[in-house]
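Heads up: the structure comes next, in structure tokens.
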């Protein structure tokens with residue numbers, strides 16, 4: 001049963017016009033009573049001020065042509081009428097000196113003042129936002145009466161309004177309904193989502209009720225994943241409550257909060273903000289003890305954060321290196337391992353972190369990772385960053401070269417490029433260059449010279465230019481029918497071709513062979529070298545002279 005409006009009719013059964021008329025009668029009654037009270041003057045003065053404001057708000061409501069057909073308006077008038085009756089009853093108690101206790105009455109008056117604040121705020125919201133212009137059906141029909149696009153939009157606007165008005169229980173119901181509507185038509189919800197709605201949802205992330213926090217986190221997660229509200233979410237302060245949920249929320253709440261941070265951390269500015277709000281320690285903890293989905297999301301978030309160079313040392317000091325290496329070995333999902341490898345690639349780009357990764361067994365874990373089915377580019381890139389700081393004996397004991405050859409043979413172009421770069425890093429001694437050549441890398445490096453990626457061609461040519469300084473390796477390059485043609489193609493003088501200086505170096509080492517010189521000439525090396533000589537590319541002029549001398553000698557022999 002609804003509250004009786006004074007004439008035997010339940011408030012629920014009254015029309016909006018009748019409720020408005022009833023509220024207008026109650027306001028002066030409450031004011032008269034309140035002004036007669038002699039005690040509690042400070043509190044009563046505030047209450048009287050708020051009662052006086054209600055009169056103008058009710059006038060604004062009555063002047064709106066559609067207020068009587070708006071479900072929210074009727075509900076707010078019911079709530080307001082109840083508050084006004086409570087004000088009259090409290091004033092009566094004060095006047096009749098039936099106060100049970102001064103402290104209790106002070107508390108009751110404070111509660112009444114808070115309710116009046118809420119009433120004023122909610123009615124003001126209805127007036128200012130234009131929600132009154134929407135003709136709505138009862139809340140029970142939401143989700144079942146979406147018979148037309150117009151009706152659906154009206155219900156969604158009402159739902160959004162309910163997120164911002166009323167007490168916590170009402171907002172909880174609104175979030176429940178919003179979750180259900182998003183399951184059916186997320187696109188429509190996102191199309192109507194505004195900054196004020198985002199702000200209201202963020203405020204609910206800090207509600208006292210764990211249930212509403214969890215459901216709100218689900219909605220926030222959908223908004224973050226949609227990519228349409230990222231700026232609003234961050235600017236309206238979503239990061240601190242999300243981080244608190246990661247720290248101490250329920251299982252579902254932590255999962256949704258972590259996924260939201262994963263999506264939002266893709267921008268450098270937000271990544272920095274997550275660190276600034278203390279987000280790294282709880283994310284690291286999730287990587288260690290979280291369920292599979294949360295663990296993967298946390299690892300990805302930390303990977304995103306580690307892409308910001310000046311933050312990497314902060315991450316290292318928080319203990320991220322050991323955690324990421326452990327994920328490489330024991331990650332629940334394959335995705336967790338992949339994100340860990342990418343994170344270590346970023347972290348090892350800083351020389352300060354190399355020793356820690358090596359001492360924690362990072363090289364072994366990265367090499368074992370290469371034996372699995374996951375993308376190889378990031379772990380090989382991390383190894384490339386590390387191998388220059390490790391002795392040949394250690395690398396050979398870990399079966400480093402055979403794994404590198406496997407990547408060169410069957411990895412993606414990015415992984416092959418990283419492997420070729422790793423070869424450059426390890427070829428610091430004649431002994432290592434010989435071991436690399438004997439491992440079978442040369443043939444695959446020559447094939448990479450044909451890649452479409454300029455950077456891949458460059459690093460392959462650089463590796464070969466280092467390897468051919470050893471006679472055994474030079475012979476292996478000469479034996480390959482594709483070596484000279486591929487290298488000559490890299491003499492192209494265009495600015496985009498950054499491999500030309502390494503191609504000159506390689507061809508110079510091969511030019512001691514008459515067969516190779518003939519091949520160079522037949523594939524047009526002289527024309528290229530003339531242009532490179534003019535550009536003063538190191539070694540180009542000397543190689544040109546050698547080829548032209550050989551060409552002239554062959555001419556005399558033929559004559």
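Residue numbers (the UniProt record's numbering): 1 to 559. Backbone N, C-alpha and C fix where the C-beta goes; we use that ideal spot for every residue, glycine too.
Subject >> Neighbour-count burial assignment, residue 20, 16 or more Cβ in a 10 Å radius >> reply: buried
Original post:
How would you call residue 176, buried or exposed, if buried means at least 16 neighbouring beta carbons within 10 angstroms?
Top reply: Exposed, by the Cβ-count rule.
**OP:** Take the Cβ of residue 330 as the centre, count every other Cβ of all protein chains shown within 10 Å, and call the residue buried at 16 or more, exposed below.
**Re:** exposed
Original post:
Buried or exposed: where does residue 164 fall if 16 or more other Cβ atoms within 10 Å of its Cβ makes it buried?
Top reply: Burial call: buried.
Original post:
Which runs of the alpha helix (DSSP H) spanning at least 4 residues fall entirely within the region 150-207, listed in chain order?
Top reply: 168-192 and 195-204
Original post:
Exposed or buried, what is residue 282 when buried is set at 16 or more other beta-carbons lying within 10 Å of its beta-carbon?
Top reply: By the 10 Å Cβ count, residue 282 comes out buried.
**OP:** Go through its chain and collect everything with a Cβ distance to residue 142's Cβ below 6 angstroms, but skip five positions before and after it.
**Re:** Residue placement at residue 142 is poorly supported in this model, since its pLDDT is 44, which falls under 50; the coordinates still yield a value, given next. Here the set comprises 155 and 177.
**OP:** Please look up how many angstroms separate the CB atoms of residue 123 and residue 223, rounded, as I've assumed it's under 8 angstroms.
**Re:** Rounded, the Cβ-Cβ distance is 28 angstroms, inconsistent with contact.
**OP:** Note down, in chain order, each residue of its chain lying with its Cβ closer than 8 angstroms to the Cβ of residue 370, except the 5 sequence neighbours on either side.
**Re:** Result list for residue 370: 376, 379, 380, 403, 406 and 407, in chain order.
Original post:
With a CB to CB cut of under 8 angstroms and the five nearest residues on each side skipped, what residues in its chain are close to residue 545?
Top reply: Here the set comprises nothing.
Subject >> Cutoff 7 angstroms; reference residue 363; Cβ partners in own chain excluding five residues on either side >> reply: Once the five neighbours on either side are set aside, the close Cβ partners of residue 363 are 383, 386, 390 and 398.
**OP:** Assign residue 108 to one of two classes, buried (16 or more other C-beta atoms within 10 Å of its C-beta) or exposed (fewer than that).
**Re:** buried
Subject >> Three-state secondary structure assigned by DSSP to residue 337 >> reply: helix
**OP:** Ignore the nearest five residues each way along the sequence and tell me which others in residue 252's own chain have a CB closer than 7 angstroms to its CB.
**Re:** Within the same chain, residue 252 has close Cβ partners 214.
Subject >> Cβ-heavy atom distance, residue 495 to the ligand MN, below 7 angstroms >> reply: This structure lacks the ligand MN; in fact it carries no ligand of any kind.
**OP:** Would you decide whether residue 219 is buried or exposed? Buried here means 16 or more other CB atoms lie within 10 Å of its CB.
**Re:** buried
Subject >> residue 421 versus residue 307 - alpha carbon distance >> reply: 20 angstroms
Original post:
Helix or strand or just coil, what does DSSP make of residue 502?
Top reply: helix
Original post:
Who are the near neighbours of residue 336 in its chain, counting only those whose CB is closer than 6 angstroms to its CB and skipping five residues on each side?
Top reply: 295, 296, 299 and 327
Original post:
Given that a residue counts as buried once 16 or more other Cβ atoms are within 10 Å of its Cβ, and exposed if not, what is residue 313?
Top reply: exposed
Original post:
Alpha carbon to alpha carbon, how far is residue 503 from residue 443?
Top reply: Whole-angstrom Cα-Cα distance: 16 angstroms.
**OP:** Please report the residue range of the alpha helix (DSSP H) in which residue 420 lies.
**Re:** 413-426
**OP:** Find the nearest neighbour of residue 112 within the set 82, 102 and 127, judged by alpha-carbon distance.
**Re:** 82
Original post:
Do you know how far the Cα of residue 181 is from the Cα of residue 146?
Top reply: Bear in mind that a pLDDT of 40 at residue 146, under 50, signals an unreliable position, so the number given afterwards is only what the model happens to contain. The straight-line gap from Cα to Cα measures roughly 10 angstroms.
**OP:** Using the Cα positions of residue 173 and residue 257, report the straight-line distance between them to the nearest angstrom.
**Re:** 21 angstroms
Original post:
Which same chain residues, not among the five before or five after residue 427, have their C-beta less than 8 angstroms away from its C-beta?
Top reply: 433, 436, 463, 466 and 467.
Subject >> Where residue 114 sits in the DSSP three-state scheme >> reply: helix
Original post:
Just to confirm, are residue 497 and residue 450 a CB contact at a threshold of 8 angstroms?
Top reply: no
Original post:
What is the C-beta distance between residue 301 and residue 261, in whole angstroms, given that I count them as a contact (C-beta under 8 angstroms)?
Top reply: 5 angstroms between Cβ atoms; contact.
Original post:
Taking DSSP as the reference, what is the three-state secondary structure of residue 481?
Top reply: Correct three-state label for residue 481: coil.
Subject >> Simplified DSSP state of residue 92, which is helix, strand or coil >> reply: helix
**OP:** Tell me whether residue 563 sits in a helix, a strand or coil according to DSSP, three-state version.
**Re:** Summary: the structure shown does not reach residue 563, with the chain confined to residues 1 through 559, and so no result is reported for it.
Original post:
What do you reckon, are the CB atoms on residue 490 and residue 500 nearer than 8 angstroms?
Top reply: yes
**OP:** Can you grab the Cα-Cα spacing for the pair residue 102 / residue 168, in whole Å?
**Re:** 29 angstroms
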